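Engineer: Heads up, the sequence shown is in this note's numbering, so the first residue is 678 and it goes up one at a time. Got a structure for you, written out below as structure tokens; questions coming shortly.
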Amino acid sequence: MTTLTSAPRTTPVIAPPARFRDLLASEWIKTRSLRSTPWTIALTLLFVIGSTAVATLADKAPPSGPADFRPYDAYPPAGYWTLILVAGSMGALTVVSEYSSGLIRTTTVAVPARGSVVLAKAAVTAALWTVVGTTASTGSFLVSQAILDGRHTDLPITHPGVFRALVASALLAPVCALVGLGLGVLLRHAAATMVTSVFVLLMLPPMFSESSRWSADAKHALVSAAWNHLIRTWEPEPGSLGYAATVPGAWIVYTLWPLITVALAVLVVKRRDV
Numbered sequence: 678m679t680t681l682t683s684a685p686r687t688t689p690v691i692a693p694p695a696r697f698r699d700l701l702a703s704e705w706i707k708t709r710s711l712r713s714t715p716w717t718i719a720l721t722l723l724f725v726i727g728s729t730a731v732a733t734l735a736d737k738a739p740p741s742g743p744a745d746f747r748p749y750d751a752y753p754p755a756g757y758w759t760l761i762l763v764a765g766s767m768g769a770l771t772v773v774s775e776y777s778s779g780l781i782r783t784t785t786v787a788v789p790a791r792g793s794v795v796l797a798k799a800a801v802t803a804a805l806w807t808v809v810g811t812t813a814s815t816g817s818f819l820v821s822q823a824i825l826d827g828r829h830t831d832l833p834i835t836h837p838g839v840f841r842a843l844v845a846s847a848l849l850a851p852v853c854a855l856v857g858l859g860l861g862v863l864l865r866h867a868a869a870t871m872v873t874s875v876f877v878l879l880m881l882p883p884m885f886s887e888s889s890r891w892s893a894d895a896k897h898a899l900v901s902a903a904w905n906h907l908i909r910t911w912e913p914e915p916g917s918l919g920y921a922a923t924v925p926g927a928w929i930v931y932t933l934w935p936l937i938t939v940a941l942a943v944l945v946v947k948r949r950d951v
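Have a look at this one:
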């Protein structure tokens, strides 16, 4: 007589949902695994700090009276416009590269909480570009002051306006990177995202003047115009500008742009198909 034995029942193993720190680790691996990332950052830092050295060496104007901080020597527009361009583009690429390659489908299957994925990308992007921006800003200040020290016109960081310009220049990179990331989620197309980010961050501010209220308000609401105001240490001449920006307003612009773009990205990614 043969005894039949039933196979033991197996309970399916359900993987626990991904924790946010796991998403952070995943996004950091994606970022640092790209060979272009360290090279892009290194070349950007070299150009930004190098442009500071060139601008400071080229400024031969003797100071009138006591030495004063020269923001466009320490933070020349050419170098920091490049930083805006690179940070915004790299922030966008963290998203649009996954859409173009199709990797975003794998990501959303593994992590159905799409909003958490966007927030993890934003956190890693903000942390990376804060380090890059701080390095660029501090390096620019030290290089400019080292050159000015030979002319006995260097200034300490405690001089009025210096620390504000240093912080504003350091935060410029993460702000632009997060704006680029948010635009990347909203547009999902590499070329369209790049053109839009360049237009919003660099090309749009010069189109507005400060001669009328509406035009001045539009200009002051843009990131590069806010940075330009935060690094400037002198007051506008009376009557030259009808509607000048304010320092608190510039800091508000710095805060709202990344918050709004990332919030819109989280909201949109939850409501549409990949």
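All C-beta atoms in this analysis are idealised placements derived from N, C-alpha and C, irrespective of residue type, glycine included. These numbers were taken from a predicted model, which means no experiment stands behind them.
#1: Would DSSP call LYS798 helix, strand or coil?
#2: PRO837 lies in the alpha helix (DSSP H); which residues open and close that run?
#3: Evaluate PHE746 with the Cβ neighbour count: other Cβ atoms within 10 Å of its Cβ, from every protein chain shown; 16 or more gives buried, anything less gives exposed.
#4: Helix, strand or coil: how does DSSP classify SER793 here?
#5: Would you tell me roughly how many angstroms separate the C-alpha atoms of ILE718 and SER817, rounded to the nearest one?
#6: Could you spell out where the alpha helix (DSSP H) holding ASP894 opens and where it closes?
#7: Only counting the same chain, and skipping five residues up and downstream in sequence, which positions put a Cβ closer than 8 Å to that of PRO689?
#8: Would you check if the distance between the CB atom of THR910 and the CB atom of PRO748 is smaller than 7 Å?
#9: Between LEU701 and VAL801, how many whole angstroms is the CB-CB distance? I'm expecting something under 8 Å.
#10: Judging by CA-CA distance, which residue of VAL939, LEU848, ALA869 is the nearest neighbour of VAL900?
#11: Which residues in the same chain have their Cβ closer than 6 Å to the Cβ of VAL943, if we skip the five residues on either side of it in sequence?
#12: Could you check the C-alpha separation between SER917 and GLY810 for me, to the nearest Å?
#13: If we ignore side chains and look at the alpha-carbon of each, how far apart do SER814 and VAL844 end up?
#14: Can you grab the Cα-Cα spacing for the pair THR759 / ILE706, in whole Å?
#15: State the CB to CB distance for the pair ARG771 and THR721, rounded to an integer number of angstroms; the pair is presumed to be in contact (CB under 8 Å).
#16: Tell me whether ARG948 sits in a helix, a strand or coil according to DSSP, three-state version.
#17: What residue range is occupied by the uninterrupted alpha helix (DSSP H) comprising PRO754?
Structural biologist: The answer reads as follows:
#1: LYS798 falls in the helix class under three-state DSSP.
#2: Premise fails: PRO837 is in no alpha helix (DSSP H) and is neither H nor E.
#3: Classification of PHE746: buried, given that the 10 Å Cβ count is 16 or more.
#4: helix
#5: 15 Å
#6: 890 to 897
#7: Legend: pLDDT at PRO689 = 49, less than 50; position of this residue unreliable, value from coordinates given subsequently. Closer than 8 Å at the Cβ level, and outside the excluded window around PRO689, lies no residue.
#8: yes
#9: 6 Å
#10: When each option's Cα is compared against that of VAL900, the closest is LEU848.
#11: GLY792, VAL795
#12: Model confidence at SER917 stands at a pLDDT of 49, short of 50, so the residue's coordinates are unreliable and nothing is read from them.
#13: Taking the CA atoms as reference points, SER814 sits about 8 Å from VAL844.
#14: 26 Å
#15: This sequence places Thr at residue 771; Arg is not what is there. Rounded, the Cβ-Cβ distance is 16 Å, inconsistent with contact.
#16: helix
#17: 754 to 778
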